[in-house]
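Asker: If you're matching positions, the sequence shown starts at 1 in the UniProt record's numbering and goes up one per residue.
All C-beta atoms in this analysis are idealised placements derived from N, C-alpha and C, irrespective of residue type, glycine included.
Since the structure is predicted, the reported quantities are computational estimates derived from the model, not experimental observations.
Here it is, the structure, as structure tokens.
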Amino acid sequence: MSIYTITLKNCAFYARHGVLKEESVLGQRFFVDAELDV
1 MSIYTITLKN CAFYARHGVL KEESVLGQRF FVDAELDV
């Protein structure tokens, strides 16, 4: 049973990783939604 819920919505992160070389050079934005029961 959790006491608290932490909710993160539409968090934007910029990262330079991926499979292709262009992804490492240009980078791209990632959006994350997360819900944590603690």
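Taking the alpha-carbon positions, what's the E23 to S2 distance?
Answerer: Cα to Cα, the separation comes out at about 39 Å.
Asker: Using a Cβ-Cβ cutoff of less than 8 Å, which residues in the same chain neighbour V38 once the five nearest sequence positions on both sides are dropped?
Answerer: Result list for V38: S2, I3, Y4, T5, I6, in chain order.
Asker: Excluding the 5 residues preceding and the 5 following G18 in the sequence, name in chain order all residues of the same chain whose CB lies nearer than 8 Å to its CB.
Answerer: Cβ within range, chain order: S24, Q28.
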